Amino acid sequence: NSKELEKILFSMDGKSYSAYKSLKGEYKFEKYILAIDHVQSDPYAPPSKMRVIMDRKICGIPYELTDTKDKNIAVSDFLTRNFYREIQKSRNDSIGTGGSGRIFIDRCGQEILERTSVLIKGDKVEVRFEMGMPARGRRIMGKAAQKIIFEQLPKIVEKSIIYENLNKMALKEQVILVLDQEYIRKILKERGLVAFVANGSVLPRESGISDRPMKNAVKFKSPEKFEITLKLPSGKEISGMGIPKGITLIVGGGYHGKSTLLAALERGVYNHIAQDGREFIISELDAVKIRAEDGRNVEKVNISGFINNLPQNKDTRAFSTENASGSTSQAANVAEALEYGTSLLLIDEDTSATNFMIRDGRMQKLVAKEKEPITPFIDRVKELYDNFGVSTILIVGGSGDYFDVANHVIMMDEYVPKDVTEKAKEIVKLDENKREFSPNDKFQEVTQRIPLKKSFSQFGKLDKTKAKGKYSILYGKELIDISGLEQLVDDSQTNCIAVMIDYFKNKVLDEKLTLSQAADRIYEKIEKDGLDSISSYTGHPGNLALPRKQEFCAAVNRYRKLKIK
Ligand code: ADP
Ligand code: MG
Numbered sequence: 002n003s004k005e006l007e008k009i010l011f012s013m014d015g016k017s018y019s020a021y022k023s024l025k026g027e028y029k030f031e032k033y034i035l036a037i038d039h040v041q042s043d044p045y046a047p048p049s050k051m052r053v054i055m056d057r058k059i060c061g062i063p064y065e066l067t068d069t070k071d072k073n074i075a076v077s078d079f080l081t082r083n084f085y086r087e088i089q090k091s092r093n094d095s096i097g098t099g100g101s102g103r104i105f106i107d108r109c110g111q112e113i114l115e116r117t118s119v120l121i122k123g124d125k126v127e128v129r130f131e132m133g134m135p136a137r138g139r140r141i142m143g144k145a146a147q148k149i150i151f152e153q154l155p156k157i158v159e160k161s162i163i164y165e166n167l168n169k170m171a172l173k174e175q176v177i178l179v180l181d182q183e184y185i186r187k188i189l190k191e192r193g194l195v196a197f198v199a200n201g202s203v204l205p206r207e208s209g210i211s212d213r214p215m216k217n218a219v220k221f222k223s224p225e226k227f228e229i230t231l232k233l234p235s236g237k238e239i240s241g242m243g244i245p246k247g248i249t250l251i252v253g254g255g256y257h258g259k260s261t262l263l264a265a266l267e268r269g270v271y272n273h274i275a276q277d278g279r280e281f282i283i284s285e286l287d288a289v290k291i292r293a294e295d296g297r298n299v300e301k302v303n304i305s306g307f308i309n310n311l312p313q314n315k316d317t318r319a320f321s322t323e324n325a326s327g328s329t330s331q332a333a334n335v336a337e338a339l340e341y342g343t344s345l346l347l348i349d350e351d352t353s354a355t356n357f358m359i360r361d362g363r364m365q366k367l368v369a370k371e372k373e374p375i376t377p378f379i380d381r382v383k384e385l386y387d388n389f390g391v392s393t394i395l396i397v398g399g400s401g402d403y404f405d406v407a408n409h410v411i412m413m414d415e416y417v418p419k420d421v422t423e424k425a426k427e428i429v430k431l432d433e434n435k436r437e438f439s440p441n442d443k444f445q446e447v448t449q450r451i452p453l454k455k456s457f458s459q460f461g462k463l464d465k466t467k468a469k470g471k472y473s474i475l476y477g478k479e480l481i482d483i484s485g486l487e488q489l490v491d492d493s494q495t496n497c498i499a500v501m502i503d504y505f506k507n508k509v510l511d512e513k514l515t516l517s518q519a520a521d522r523i524y525e526k527i528e529k530d531g532l533d534s535i536s537s538y539t540g541h542p543g544n545l546a547l548p549r550k551q552e553f554c555a556a557v558n559r560y561r562k563l564k565i566k
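Printed below as a string of structure tokens:
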């Protein structure tokens with residue numbers, strides 16, 4: 002029990018660091034069990050992993066706040082933020098060598114994600130955190146360790162986990178908020194919508210490096226034509242812009258807020274915390290941002306819907322390259338998104354290849370169709386919707402050609418959206434110099450690809466995956482660059498993708514499953530046994546946040562040694 006732990010810590014004072022190893026085990030404290038799962042090998046190594054395991058009875062959080070998955074995620078998120086805040090409030094600088102005496106827990110951003118940092122399951126609440134076991138040089142600071150574990154930690158736990166001490170109102174509100182957000186996302190389809198942006202939302206962020214809301218921003222106000230009112234489960238009524246299925250064009254002068262609107266829709270696949278400004282900006286869960294990503298690796302992707310007749314007769318139904326161009330990378334990104342499944346594509350001119358997006362009448366006249374490998378997106382966007390049910394919201398500020406195919410045209414005017422559909426359609430009627438609608442061929446079927454096991458078995462002892470920040474994963478000696486994934490929002494999602502890739506190659510791949518099916522297997526496993534269950538961490542897996550299937554598959558596709566059957 003804890004008395005023994007205290008004695009041991011005192012007796013360790015001044016001993017060599019490796020003696021800490023013997024602390025591994027579980028200790029009974031007054032209100033919880035402290036599990037020391039993994040002890041670091043030196044003061045500079047990643048901190049030691051621990052858990053506080055508490056009975057629900059002692060914790061006191063009512064069961065009705067956690068009796069569905071969405072509620073559970075909302076409460077876990079709330080407790081993680083609390084714990085993080087209490088750590089920051091208590092003294093948390095290094096008291097010796099390396100990270101001595103510091104406590105860490107996963108840091109949550111503006112999104113509310115499914116995480117492993119706090120697990121609420123059955124009649125237990127478990128907090129997974131890390132601690133730098135204190136030392137001066139390689140000498141154990143036993144008294145300091147005692148102080149942290151017996152004074153500082155219990156205070157943090159008391160204030161951040163015990164229901165009596167929580168801001169009960171805020172906790173309840175967060176649960177209600179998540180339920181409202183999930184409700185909106187669920188009824189989008191019923192209403193024939195792909196996204197919703199509530200009036201009063203704050204779209205722009207504080208800065209390029211801060212995801213907090215901009216102060217004094219122009220609040221969102223829906224054009225009348227798109228305004229709908231929703232009654233939420235909480236009883237609240239909320240009005241805003243419902244973006245219908247089909248093809249929606251966002252136009253407007255430079256700097257009038259087009260990209261900001263699209264970025265908010267990209268993030269609308271996630272739920273956001275109160276005061277974020279985007280709480281009620283909700284998009285289809287499977288919406289995918291499509292961008293050009295030149296230089297990326299492409300492995301046997303069917304891009305023939307967009308690119309054909311390449312020089313030297315290169316086959317574009319199973320197109321491979323180690324260095325894709327702007328247009329081929331964007332075509333591959335669309336084709337892959339269709340493979341994993343999506344109902345909404347989001348495209349911004351700022352990050353698109355022009356020749357992928359448009360080809361105007363004059364150019365059509367000059368360059369014969371047979372000499373141009375690219376069928377631009379403008380000639381496929383309608384087919385994508387008609388044949389595959391995939392809607393598109395896209396920004397094109399520099400060309401009116403899309404007026405032909407758009408169902409709706411929204412103009413951003415000093416950050417305020419206006420409906421200009423009628424005007425755009427009129428301009429189309431009057432225009433004499435029209436482009437030719439090109440394809441008489443049909444958009445080919447989506448081709449599912451089967452990844453081969455041998456793609457992953459070439460690193461021997463180095464056969465490990467590890468996240469390096471948010472935008473790269475190291476697998477063996479291969480760096481997987483995922484910086485093109487704009488809808489990845491959290492370092493812990495990248496950690497999770499690393500763990501998932503490991504699980505994917507060891508437990509799922511079988512030369513029969515397509516990438517999409519294999520990914521589904523992993524998500525089924527997580528759904529059934531929890532996010533913990535796919536991890537092979539030493540100690541607890543406290544730093545995982547669930548990414549979407551779209552980001553997981555996209556990461557696999559960016560692995561340069563991927564081989565396809
Ligand atoms: P566009 O894509 O139309 O060129 P952006 O979306 O990039 O324009 O926005 C231009 C600038 O305006 C950005 O710095 C952005 O932060 C700011 N901005 C966007 N929306 C708002 C708003 N509603 N209120 C205040 N500033 C905004
Ligand atoms: Mg822009």
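Note that the numbering used here gives residue 276 to position 275 of the sequence shown, counting from 1, and the numbers run on in steps of one.
Heads up, the beta-carbon is just placed ideally off N, CA and C, and yes, glycines get one too.
Since the structure is predicted, the reported quantities are computational estimates derived from the model, not experimental observations.
Is residue i near the ligand ADP, going by C-beta to nearest heavy atom under 6 Å?
| i | result |
| --- | --- |
| TYR403 | no |
| VAL219 | yes |
| PRO205 | yes |
| HIS257 | yes |
| TYR45 | no |
| TYR416 | yes |
Could you give the distance in angstroms between the alpha-carbon of residue i and the alpha-carbon of residue j?
| i | j | result |
| --- | --- | --- |
| ILE104 | HIS273 | 26 Å |
| ARG139 | ILE474 | 32 Å |
| ASP94 | LEU250 | 51 Å |
| ALA36 | GLY133 | 15 Å |
| LYS90 | LYS564 | 50 Å |
| PHE553 | ALA520 | 8 Å |
| GLY241 | ASP351 | 26 Å |
| HIS541 | GLY110 | 21 Å |
| ASP464 | ASP503 | 9 Å |
| ALA199 | GLY97 | 50 Å |
| LYS246 | ILE59 | 49 Å |
| LYS70 | VAL176 | 11 Å |
| SER537 | SER456 | 21 Å |
| LYS22 | LYS4 | 18 Å |
| TYR85 | GLN182 | 24 Å |
| GLU413 | LEU66 | Per the sequence shown, residue 413 should be read as Met rather than Glu. Straight-line Cα distance between these residues: approximately 40 Å. |
Give me whichever residues DSSP pairs with residue i in a beta bridge.
| i | result |
| --- | --- |
| THR352 | Looking at the DSSP assignment, THR352 forms no beta bridge with any residue, so it has no partner. |
| ASP56 | LYS125 |
| ASN272 | ILE113 |
| MET13 | Paired residues: none, contrary to the question. |
| GLY308 | According to the sequence shown, residue 308 is Ile rather than Gly. ILE308 pairs with ILE375. |
| THR249 | ILE394, HIS409 |
| GLU509 | Per the sequence presented here, residue 509 reads as Val, with Glu not at that position. DSSP lists no partner for VAL509. |
| GLU418 | Per the sequence presented here, residue 418 reads as Pro, with Glu not at that position. Paired residues: MET413. |
| LYS290 | LEU347 |
| GLU238 | LYS232 |
Using a threshold of 6 Å, is the CB atom of residue i nearer than that to any non-hydrogen atom of the ligand MG?
| i | result |
| --- | --- |
| ASP351 | yes |
| SER260 | yes |
Starting from the Cα of residue i, find the closest Cα among the options and give me that residue.
| i | options | result |
| --- | --- | --- |
| GLN365 | GLU350, GLY390, ILE229, ASP402 | ASP402 |
| PRO548 | CYS497, ASP530, VAL557, TYR504 | CYS497 |
| GLU423 | SER49, ASP405, PHE281, THR261 | ASP405 |
| TYR45 | GLY99, THR355, LEU189 | GLY99 |
| VAL174 | ASN217, LYS562, GLU159, ASP78 | The identity of residue 174 in the sequence shown is Glu, whereas the question assumes Val. The option with the nearest alpha carbon to GLU174 is ASP78. |
| ILE481 | GLN488, VAL490, ASP491, GLY470 | GLY470 |
| ILE283 | GLY269, ASP277, GLY390 | GLY269 |
| GLN494 | GLU115, TYR85, MET51 | GLU115 |
| SER118 | MET51, PRO452, GLN445 | MET51 |
| ALA146 | ASN310, GLU7, ASP530 | GLU7 |
| ASN314 | GLU373, LEU286, ASN166, PHE227 | GLU373 |
| GLY26 | VAL203, LEU339, HIS39 | HIS39 |
For the ligand FAD, is there any heavy atom lying closer than 6 Å to the beta carbon of residue i?
| i | result |
| --- | --- |
| TYR33 | Ligands displayed in this structure: the ligand ADP and the ligand MG; the ligand FAD is not among them. |
What are the complete beta strand (DSSP E) segments, minimum 3 residues, inside the stretch 153-228? 194-199, 206-208, 211-214
Let me know the beta strand (DSSP E) ranges lying completely inside the stretch 334-399, each 3 residues or longer, listed in chain order. 345-349, 392-396
Hey, which unbroken runs of the alpha helix (DSSP H) at 4 residues or more fall wholly within the stretch 442-481? none
Mind listing, in chain order, the continuous beta strand (DSSP E) runs of no fewer than 3 residues lying wholly within the stretch 20-93? 26-29, 34-39, 49-56
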